[in-house]
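In case it helps, the UniProt record's numbering puts the sequence shown at residues 1 to 68. Note that the Cβ used here is the ideal one computed from N, Cα and C, for glycine as well.
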Amino acid sequence: MLNDQHWSKLETILRNFDIYLKRNLRNFIEAILYRIRTGCPWRDLPPDFGNPNSIFKNIVVGLNIISC
């Protein structure tokens with residue numbers, strides 16, 4: 001979904017804001033973008049993105065950090 005050039009720019013921005021995951025940040029971001037684009041429920045994300053429950057939990061944790 002994200003080409004390497006776009007990802008390189010976005011990754012720099014995210015890391016400048018201390019937004020990172022130890023595991024595959026790009027895959028996490030692409031899962032979010034896929035869901036926004038398709039409107040599918042979290043549980044219906046393609047398996048290429050990983051466990052939908054884990055992705056959702058990471059978003060919730062991230063939102064809690066931002067709102068504190």
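Residues of the same chain with a CB within less than 8 Å of the CB of residue 32, apart from the 5 flanking positions on each side, are 55, 59 in chain order. Put simply, of 14, 19, 30 the residue whose alpha carbon is nearest the alpha carbon of residue 61 is 19.
Note on the UniProt domain "Insertion element IS402-like" (2-57): whole alpha helix (DSSP H) runs with a minimum of 4 residues are 4-16, 25-38, in chain order. If you draw a 10 Å sphere on the C-beta of residue 49, you find 16 or more other C-beta atoms in it, and that means buried.
Taking all protein chains shown into account, residue 28 has 16 or more neighbouring C-beta atoms within 10 Å of its C-beta and is therefore buried.
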